[in-house]
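K.L.:
Following this message is one structure expressed as structure tokens.
Chains as they are written, first to last, in the working numbering: chain P, 665 to 993; chain X, 152 to 457.
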């Protein structure tokens with residue numbers, strides 16, 4: 665096969681010539697063999713062509729916007745014209761000293777934390793039950809998974825209706841119980857409603873992963889525990905749950921990411937961040953300040969803070985995935 | 152096999168029934184609300200059984216929101232996201248795992264970094280990028296002097312030609328959402344698990360890279376592609392923030408934004424019956440996909456995080 669021979673030969677020559685360059689790159693970026701198949705091709709131009717669409721899209725819609733956010737965070741821009749003045753860290757000092765921003769940060773932390781814990785607890789309970797029952801398992805699973813298909817915005821619409829103080833059936837029930845439920849006026853009610861909608865939408869995600877993790881626990885380990893006299897609940901707490909710990913850790917990270925970044929639709933359809941900023945999470949505030957108040961400098965500074973948080977969680981997420989692989993029986 | 156406890160089974164069935172009921176309850180009430188007239192909706196206590204206006208409300212909502220157009224928009228955007236992201240990422244994943252070329256690791260890291268920042272945290276600058284996609288190119292050509300040169304020699308206004316405003320276009324709705332490397336990374340991870348012998352054998356038989364890709368890699372990736380398509384379909388159809396920002400004309404709204412417009416605001420006529428009926432046909436496509444392809448998608452979702 666002359667073509668492939670020629671390819672191999674020219675490839676070999678090219679590698680030899682490029683060796684010093686490759687070595688210096690390898691030093692800078694770790695080994696250049698990482699993630700390369702032992703059997704591979706040497707057609708740099710074809711590879712460049714295959715990579716081009718991905719890199720071009722990333723350049724225009726990821727790197728340039730990210731760079732802009734970073735540079736905008738250090739200037740003061742007037743929303744109607746082009747003028748911008750470099751102001752250093754002013755945007756950040758203003759941001760961190762603003763009580764509104766601090767309130768929003770504390771609120772986001774609480775909301776995310778509560779959402780994360782409650783979601784995991786409900787999902788673990790349901791997954792445990794799914795692991796025990798035999799009859800009807802597929803039907804239960806199918807129903808519980810359904811909210812995965814439902815957009816956060818639609819979850820918001822459904823719960824906004826259920827607890828709407830004038831027409832909502834569940835709001836009527838609360839009123840009958842003597843509770844003056846009104847998420848449009850009472851901050852606590854609004855926050856509770858947003859949390860319920862967020863949890864309802866997200867339990868299915870944790871549930872899928874936990875069911876898979878519990879199923880992956882080897883039957884022999886469970887049987888050994890049973891022979892030692894451990895009853896089902898004890899087996900679950902001392903064998904199944906620790907074996908699924910890496911999955912739980914992964915889900916904690918994913919729940920935080922969801923609570924921080926993906927609840928925009930829920931908040932926008934139920935409360936619009938109100939009343940009195942009681943559901944104005946960090947992501948919602950970026951949108952409010954940037955698109956409603958046109959305070960671009962502050963909004964960019966907020967974006968940079970969020971980026972830092974996002975990077976932190978991505979690192980944690982990869983740690984979680986690594987731990988999952990290392991945990992072997 | 153371990154022993155079974157009757158009471159434990161009963162307890163678990165109760166837990167699951169309560170869970171399933173909690174999932175269905177909002178959907179059931181939405182269905183009931185969608186089958187009422189606007190006067191019935193305001194009744195206290197709220198009726199517990201559906202009445203017979205469901206179809207009528209669906210028709211009203213469909214016409215009122217011009218959902219024929221919005222549905223087409225949603226379908227175009229979703230298909231664009233699914234197909235665009237799959238194609239772009241599978242070939243990029245192929246390139247970083249199966250080719251040796253200079254700056255391979257640089258390319259890999261450039262792609263990898265984009266996993267770190269979700270779209271939500273760079274809303275404003277991405278909006279600018281889409282509102283003026285030609286901007287960076289304009290400043291680039293201006294910096295290297297090409298703009299002035301062309302204008303002087305040929306009279307061709309390069310800066311005028313590079314005005315691309317993507318607001319209210321399908322590409323503006325699609326491209327920013329596929330600018331993340333999650334799927335590329337997924338395919339890379341999958342390709343790394345494919346035995347080396349396959350590629351060796353293909354090379355021995357004289358197959359070039361593209362032939363290997365078409366005849367070996369793509370058929371092997373079929374399950375991954377299917378699972379990822381489902382996940383991307385849900386992702387695309389359920390987008391909310393993006394279409395909310397990038398569409399200002401009603402004709403370009405997606406179905407999700409159309410639904411948002413039907414939610415009664417305070418002091419308006421509480422037409423929740425129309426909004427709830429609309430919620431049903433907006434969430435129908437992803438719900439049908441989930442119900443029909445549950446096994447594919449749960450496996451794909453759990454695998455994709457590995």
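Don't be surprised by glycine CBs; every beta carbon is placed ideally from N, CA and C. Since we're looking at a predicted model, the values are computed, not measured.
If you draw a straight line from the C-alpha of residue 383 of chain X to the C-alpha of residue 319 of chain X, how long is it?
P.N.:
Computed Cα separation, rounded: 22 Å.
K.L.:
Cβ atoms of residue 177 of chain X and residue 823 of chain P: under 8 Å apart, would you say?
P.N.:
Yes; because the gap between Cβ atoms is below 8 Å, this pair is in contact.
K.L.:
What are the start and end residues of the alpha helix (DSSP H) that includes residue 761 of chain P?
P.N.:
Element bounds for residue 761 of chain P: 754-761.
K.L.:
When you compare each of X:180, X:224 and X:281 to residue 409 of chain X by their alpha carbons, which one comes out closest?
P.N.:
That would be X:224, whose Cα lies nearest to the Cα of residue 409 of chain X.
K.L.:
From the beta carbon of residue 423 of chain X, is the nearest beta carbon of chain P less than 8 Å away?
P.N.:
Residue 423 of chain X counts as touching chain P.
K.L.:
Are there 16 or more other CB atoms within 10 angstroms of the CB of residue 369 of chain X, so buried, or fewer, so exposed?
P.N.:
By the neighbour-count rule (16 or more Cβ atoms within 10 Å), residue 369 of chain X is not buried but exposed.
K.L.:
Could you run through the segment 823-834 of chain P and flag, in chain order, every residue whose CB is less than 9 Å away from some CB of chain X?
P.N.:
Cβ contacts with chain X come from 823, 824, 825, 826, 828, 830, 831, 832, 833 and 834.
K.L.:
Have a look at residue 316 of chain X and residue 400 of chain X and give me their C-alpha separation to the nearest angstrom.
P.N.:
Between residue 316 of chain X and residue 400 of chain X, the C-alpha separation is close to 14 Å.
K.L.:
Measure the alpha-carbon distance for residue 851 of chain P versus residue 340 of chain X and round it to whole angstroms.
P.N.:
Spanning the two alpha carbons is a distance of roughly 45 Å.
K.L.:
Of the residues P:927, P:748 and P:786, which one's Cα is nearest the Cα of residue 861 of chain P?
P.N.:
The option with the nearest alpha carbon to residue 861 of chain P is P:927.
K.L.:
Is the Cβ of residue 167 of chain X closer than 8 Å to any Cβ of chain P?
P.N.:
Interface residue, yes.
K.L.:
Return helix, strand or coil for residue 250 of chain X, following the three-state DSSP convention.
P.N.:
Here residue 250 of chain X sits in strand by DSSP.
K.L.:
Can you pull the chain X neighbours of residue 975 of chain P, defined as C-beta to C-beta under 8 Å?
P.N.:
By Cβ distance, chain X contributes 267 and 268.
K.L.:
Note down the Cα distance separating residue 160 of chain X from residue 880 of chain P, rounded to an integer number of angstroms.
P.N.:
About 21 Å.
K.L.:
Could you pull the start and end residues of the alpha helix (DSSP H) that residue 263 of chain X belongs to?
P.N.:
Element bounds for residue 263 of chain X: 255-264.
K.L.:
Roughly how many whole angstroms lie between the Cα atoms of residue 795 of chain P and residue 395 of chain X?
P.N.:
Cα-Cα distance, rounded: 41 Å.
K.L.:
Checking contacts by CB at 8 Å: is residue 707 of chain P closer than that to chain X?
P.N.:
So, interface residue.
K.L.:
Look at the alpha carbon of residue 686 of chain P and the alpha carbon of residue 238 of chain X, and state the distance between them as a whole number of angstroms.
P.N.:
At residue 686 of chain P the pLDDT is 40, less than 50, meaning the model places this residue with poor confidence and gives no usable figure here.
K.L.:
Any C-beta of chain P sitting closer than 8 Å to the C-beta of residue 320 of chain X?
P.N.:
Chain P, which has no Cβ nearer than 8 Å to the Cβ of residue 320 of chain X, makes this no.
K.L.:
Smallest Cα separation from residue 185 of chain X: which of X:428, X:283, X:307 and X:406?
P.N.:
Of the listed residues, the one whose Cα sits closest to residue 185 of chain X is X:428.
K.L.:
Span of the beta strand (DSSP E) holding residue 205 of chain X?
P.N.:
It is not in any beta strand (DSSP E) - residue 205 of chain X instead sits in the alpha helix (DSSP H) that spans 205-215.
K.L.:
Residue 182 of chain X: beta carbon under 7 Å from a heavy atom of the ligand GTP?
P.N.:
As for the ligand GTP, it is missing from this structure, which has no ligand bound.
K.L.:
So the candidates are X:266, X:235 and X:352; which of them puts its Cα closest to the Cα of residue 974 of chain P?
P.N.:
Nearest option by C-alpha distance: X:266.
K.L.:
Across the segment 234-248 of chain X and the segment 715-733 of chain P, are there enough close Cβ pairs to call them in contact, namely three or more that are closer than 8 Å?
P.N.:
With the cut-off at 8 Å, the segment 234-248 of chain X and the segment 715-733 of chain P touch.
K.L.:
Okay, do the segment 215-233 of chain X and the segment 322-329 of chain X touch, 3+ Cβ pairs below 8 Å being the bar?
P.N.:
With a cut-off of 8 Å, the segment 322-329 of chain X and the segment 215-233 of chain X count as touching, because enough Cβ pairs lie within range.
K.L.:
Out of X:426, X:293 and X:392, which has the shortest C-alpha to C-alpha gap to residue 936 of chain P?
P.N.:
For the residues X:426, X:293 and X:392, the minimum Cα distance to residue 936 of chain P belongs to X:392.
K.L.:
I want to verify the contact list: residues of chain P whose CB lies under 7 Å from the CB of residue 184 of chain X, in sequence order.
P.N.:
Those within 7 Å of residue 184 of chain X in chain P are 825.
K.L.:
Check whether the segment 868-878 of chain P and the segment 440-453 of chain X are in contact - that is, three or more C-beta pairs closer than 8 Å.
P.N.:
Cβ pair count under 8 Å is three or more, so yes.
K.L.:
Suppose you measure from the CA of residue 181 of chain X to the CA of residue 953 of chain P; what does that come to, to the nearest Å?
P.N.:
Each residue's Cα considered, the two are about 33 Å apart.
K.L.:
Going along the chain, which residues of the segment 879-905 of chain P sit with their C-beta nearer than 7 Å to a C-beta in chain X?
P.N.:
So the list reads 886, 887, 890 and 896, given in the order they occur along the chain.
K.L.:
If we ignore side chains and look at the alpha-carbon of each, how far apart do residue 859 of chain P and residue 364 of chain X end up?
P.N.:
Approximately 46 Å, taken between the alpha carbons.
K.L.:
Using beta-carbon positions only, say whether residue 942 of chain P and residue 275 of chain X come within less than 8 Å of one another.
P.N.:
No.
K.L.:
Please identify the residue among X:419, X:405 and X:201 whose C-alpha is closest to the C-alpha of residue 219 of chain X.
P.N.:
With distances taken between Cα atoms, residue 219 of chain X lies closest to X:405.
K.L.:
So is residue 949 of chain P in contact with chain X if we call contact Cβ pairs under 8 Å?
P.N.:
Not one chain X Cβ lies under 8 Å of residue 949 of chain P.
K.L.:
Opposite residue 390 of chain X in the DSSP bridges: which residues?
P.N.:
None; residue 390 of chain X has no bridge partner.
K.L.:
When burial is assigned at 16 or more other CB atoms within 10 Å of the CB, is residue 853 of chain P buried or exposed?
P.N.:
When all chains shown are included, residue 853 of chain P counts as buried.
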